[in-house]
Amino acid sequence: MAQHVAQPTTATAPLKLPLKAIAPWAVFFGVLMLVLLYFVGAEQGATSLLSGEEVHEWVHDARHLLGFPCH
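Residues 1 to 71 in UniProt numbering are what the sequence shown lists, from first letter to last.
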């Protein structure tokens, strides 16, 4: 019966990603999340930016899922 011996592996250094490459994407996704949070949580009634009930109907289930009241 043959026996296999584990060979030592060489450790590789983790890739370094510069902050300048991440910052624009982090800002973009942060603003996008804030806009989505506004439309899910506050786009109705007195704080409404858009008229009508379309936005409310599109995000209705998300409101309930995240605990925002809408009725």
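Even for Gly, the Cβ is constructed at its ideal location relative to N, Cα and C.
Quick caveat, the model's predicted, so the values are computed rather than measured.
Asked	Found
Taking 8 Å as the threshold, find out whether the stretch 55–68 comes into contact with the stretch 37–47 through three or more Cβ pairs.	yes
Which whole-angstrom value describes the C-beta separation of Glu43 and Leu49, a residue pair presumed to lie in contact below a C-beta threshold of 8 Å?	7 Å
Measure the C-alpha to C-alpha separation of Glu57 and Pro24 and round it to an integer number of angstroms.	32 Å
Select from Ala26, Leu32, Gln3 the residue whose C-alpha is nearest the C-alpha of Pro18.	Ala26
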